[in-house]
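1 is the number of the first residue of the sequence shown in our numbering; add one for each residue after it.
C-beta atoms are modelled at their ideal positions from N, C-alpha and C, and glycine is treated no differently.
In this text, all values refer to a predicted model and were calculated from it rather than measured experimentally.
Beneath this line is the structure, given in structure tokens, with notes to follow.
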Amino acid sequence: MIVLVVAARLSTAAGFAVFSMVYMVFTVLLGVNVSYVGQALVLERGSGRVRAACRSAVAFTAAASAVLGWGMAAGLLFVPGATARGLAVLGLVLPVVLTQDGMRYCFSALRLPHLALLADAVRLLVAVPALAAQPHAAGAVRLVAVWGVSGVPALLVGAALLRRRLRPAPGEPRPPVDIRPYLRSGHLGQRFVVEFGVGNATSQLAVVGLGLFAAPLAVGALRGATTLFGPMNVLFNSATAFGPPLLNRVRGTDGKVRATAVLAVVLAAVAAAWTTVLTLLPAHAGRALLGDTWSASAALLPASGSQYACIALGTSALLTLRVLRPRATLPIQVVFSLASVVFMLAGYRLDGVLGAAWGLALGSALKAVALWSRIAVERRAAAAAVPVEPRRPPGGPAASEELPTGSA
Numbered sequence: 001m002i003v004l005v006v007a008a009r010l011s012t013a014a015g016f017a018v019f020s021m022v023y024m025v026f027t028v029l030l031g032v033n034v035s036y037v038g039q040a041l042v043l044e045r046g047s048g049r050v051r052a053a054c055r056s057a058v059a060f061t062a063a064a065s066a067v068l069g070w071g072m073a074a075g076l077l078f079v080p081g082a083t084a085r086g087l088a089v090l091g092l093v094l095p096v097v098l099t100q101d102g103m104r105y106c107f108s109a110l111r112l113p114h115l116a117l118l119a120d121a122v123r124l125l126v127a128v129p130a131l132a133a134q135p136h137a138a139g140a141v142r143l144v145a146v147w148g149v150s151g152v153p154a155l156l157v158g159a160a161l162l163r164r165r166l167r168p169a170p171g172e173p174r175p176p177v178d179i180r181p182y183l184r185s186g187h188l189g190q191r192f193v194v195e196f197g198v199g200n201a202t203s204q205l206a207v208v209g210l211g212l213f214a215a216p217l218a219v220g221a222l223r224g225a226t227t228l229f230g231p232m233n234v235l236f237n238s239a240t241a242f243g244p245p246l247l248n249r250v251r252g253t254d255g256k257v258r259a260t261a262v263l264a265v266v267l268a269a270v271a272a273a274w275t276t277v278l279t280l281l282p283a284h285a286g287r288a289l290l291g292d293t294w295s296a297s298a299a300l301l302p303a304s305g306s307q308y309a310c311i312a313l314g315t316s317a318l319l320t321l322r323v324l325r326p327r328a329t330l331p332i333q334v335v336f337s338l339a340s341v342v343f344m345l346a347g348y349r350l351d352g353v354l355g356a357a358w359g360l361a362l363g364s365a366l367k368a369v370a371l372w373s374r375i376a377v378e379r380r381a382a383a384a385a386v387p388v389e390p391r392r393p394p395g396g397p398a399a400s401e402e403l404p405t406g407s408a
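Set out below in structure tokens:
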């Protein structure tokens, strides 16, 4: 968010449009990498297995981003236009920014989230001053280059912190780095990429679809209301990034479900509290945040707050299934992401933009119900798989026990 604000203040309107386009492409590539590598990595268990997986994940991310990024740069090198040049520069720095970001999931898998925070803090403390030092009306190509190169210190810090923790235990052989699992059909990350693609495409389709039927003010109001809940998105992303390794420390299926049920209640309560804060915000403070869009967005806060409370329930359920049955989430994500678009458009048809907001809330609620219903199925299956101890007769030995020699 700070990078975009600084870039907007430095750029012309045309320059910021190009920078925003390049940054949007980066966020899509980042989401694909997080889904394919990061979300699969945090599900690994066992200290030796996790260390080996982290080494492979870093190597694969660096190699894949270099092939993709440098290939993109070479292909766009002679294409005219500021957007093409900006994307070419993005390709050059892609290995730096994606590898640095991917290390966060290594620290998560190693249960060292404070080291992820340290590396990301270095990224922030270097990138923002580096961008702010650029002259006014700096071109998008220059800003993209500075933003990308400013990730090198954080990359080096993360690599140094990881190197110490990825050494094999004394007497344990050092396994070779193996990226072949990421290239095989059936890799778990492939399903997570499809989930990301469906969810990302659905959100874009929702905006496009609403734009076809609604006035620009309605679209802006919905976007503005969603923007106000940005802090909740940070919490949801943190839960999916850092939750699985912590949840794997909880024993038994019932214990895991209870832990995430508590998390669901807490996140939903936070969403409700944040909605209350925004509702009570004075009008002048709201206008300082969203400008003229505030009055239209403020009317959507009850619906958007309900949606985010439902997203909190769904995120916690998704986290549970990622640990219990990671392959069970894809069909639910596909069906109910598409259903959310249908509900949004139907809601707009019935009651304008307010109906669209309530339609999105309904889609999120039904997805949460479907996810928790699948958890109930997995919980019953786990309970049925537990062997039942035979009942011991009163005062006698168990049926499987034999009386010792000499016993009466």
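Secondary structure of residue i, DSSP reduced to three states
i, result
"residue 242", "helix"
"residue 87", "helix"
"residue 397", "For residue 397, the predicted model reports a pLDDT of 46, less than 50, meaning its position is unreliable; a value from the coordinates is still stated below. Three-state result, residue 397: coil."
"residue 402", "Here the model assigns residue 402 a pLDDT of 38, short of 50, so the residue's position is not dependable and the matter cannot be decided."
"residue 113", "helix"
"residue 136", "coil"
"residue 375", "helix"
"residue 300", "coil"
"residue 125", "helix"
"residue 24", "helix"
"residue 10", "helix"
"residue 200", "helix"
"residue 1", "coil"
"residue 148", "helix"
"residue 43", "coil"
"residue 178", "coil"
"residue 229", "coil"
"residue 380", "helix"
"residue 142", "helix"
"residue 369", "helix"
"residue 248", "coil"
"residue 93", "helix"
"residue 184", "coil"
Unbroken alpha helix (DSSP H) run spanning residue i, endpoints
i, result
"residue 267", "253–279"
"residue 284", "283–290"
"residue 56", "47–76"
"residue 156", "152–165"
Alpha-carbon spacing of residue i relative to residue j, whole angstroms
i, j, result
"residue 160", "residue 100", "12 Å"
"residue 72", "residue 93", "11 Å"
"residue 154", "residue 122", "5 Å"
"residue 195", "residue 281", "36 Å"
"residue 198", "residue 334", "6 Å"
"residue 374", "residue 332", "9 Å"
"residue 89", "residue 63", "18 Å"
"residue 222", "residue 307", "12 Å"
"residue 255", "residue 349", "44 Å"
"residue 352", "residue 167", "58 Å"
"residue 152", "residue 370", "43 Å"
"residue 86", "residue 364", "36 Å"
"residue 59", "residue 178", "8 Å"
"residue 253", "residue 18", "49 Å"
"residue 283", "residue 276", "14 Å"
"residue 119", "residue 288", "32 Å"
"residue 69", "residue 95", "7 Å"
"residue 327", "residue 383", "20 Å"
"residue 372", "residue 129", "45 Å"
"residue 185", "residue 35", "15 Å"
"residue 274", "residue 116", "26 Å"
"residue 26", "residue 264", "30 Å"
"residue 50", "residue 104", "14 Å"
"residue 54", "residue 239", "20 Å"
"residue 163", "residue 157", "10 Å"
"residue 314", "residue 77", "44 Å"
"residue 379", "residue 305", "30 Å"
"residue 303", "residue 7", "32 Å"
"residue 134", "residue 301", "38 Å"
"residue 56", "residue 22", "28 Å"
The ligand GDP heavy atom lying under 8 Å from the CB of residue i
i, result
"residue 370", "What this structure holds is no ligand at all, so the ligand GDP is not there to describe."
(message) Check whether the stretch 14–24 and the stretch 73–86 touch, using three or more Cβ-Cβ pairs below 8 Å as the test.
(response) yes
(request) At 3 residues or longer, and completely inside the stretch 323–349: list those beta strand (DSSP E) runs for me, N to C. (result) none
(message) Would you call the stretch 303–319 in contact with the stretch 242–260, where contact means no fewer than 3 C-beta pairs closer than 8 Å?
(response) yes
(request) Taking 8 Å as the threshold, find out whether the stretch 336–345 comes into contact with the stretch 358–369 through three or more Cβ pairs. (result) yes
(request) Evaluate contact between the stretch 245–265 and the stretch 102–122, counting only Cβ atoms and requiring at least three cross-stretch pairs below 8 Å. (result) yes
(request) Please confirm if the stretch 24–42 is in contact with the stretch 173–192, defined as three or more CB-CB distances below 8 Å between the two stretches. (result) yes
(message) Quick test of the definition: if touching needs 3 or more C-beta pairs under 8 Å, does the stretch 222–231 touch the stretch 279–298?
(response) yes
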